[in-house]
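**Student:**
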Amino acid sequence: MLHPKNVFQATSKENVMAGEFEVGDTVQLKSGGDVMTVEKMESETVTCVWMQEKKVMRDTFVRATLEKFTPAW
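Residue 105, in our numbering, is where the sequence shown stops; the numbers in between run on with no holes.
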């Protein structure tokens with residue numbers, strides 16, 4: 033049984049493992065593409081920003097289409 037103090041920590045770890053994101057995380061479409069930064073989150077969607085040819089781009093994606101970006105190095 034988890035001590036009440038540890039319940040939040042366990043829940044946070046489970047969310048990370050389930051593919052949840054936080055504002056500021058870097059993500060990428062599961063199909064590839066530009067690395068983006070999470071700007072805003074709704075219940076089913078995530079708004080991301082990224083740079084493309086010196087322009088700030090912004091779009092909203094369904095959560096299930098994104099994954100956290102992990103650099104290869």
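Think of the CB as a built atom: it goes at the ideal place given N, C-alpha and C, for glycine as much as any other residue.
Can you tell me whether DSSP reads T97 as helix, strand or coil?
**Tutor:** Locating residue 97 in the sequence shown gives position 65, counting from the first residue. Reduced to three states, the DSSP call for T97 is helix.
**Student:** Name, in chain order, the residues that DSSP records as bridge partners for T102.
**Tutor:** Looking up residue 102 in the sequence shown gives position 70. DSSP output for T102 lists no bridge partner at all.
**Student:** Taking only three categories from DSSP, how would you classify K72?
**Tutor:** The residue you call residue 72 lines up with position 40 of the sequence shown. Strand, per DSSP.
**Student:** List the residues that DSSP assigns as beta-bridge partners of K62.
**Tutor:** Residue mapping note: residue 62 aligns to position 30 of the sequence shown, counting from 1. In the DSSP output, where bridge partners are listed per residue, K62 has none listed.
**Student:** Given the structure, does E74 come close to the ligand GTP, in the sense that its CB is under 7 angstroms from one of the ligand's heavy atoms?
**Tutor:** As far as ligands go, the structure on display features none, and thus does not contain the ligand GTP.
**Student:** Does DSSP classify V67 as helix, strand or coil?
**Tutor:** Translated into positions along the sequence shown, residue 67 becomes position 35. Coil.
**Student:** Please name the residue in V67, M83, F53, D66 whose C-alpha comes closest to that of M73.
**Tutor:** Translated into the one-based positions of the sequence shown, residue 73 becomes position 41. Considering only alpha carbons, the answer is F53.
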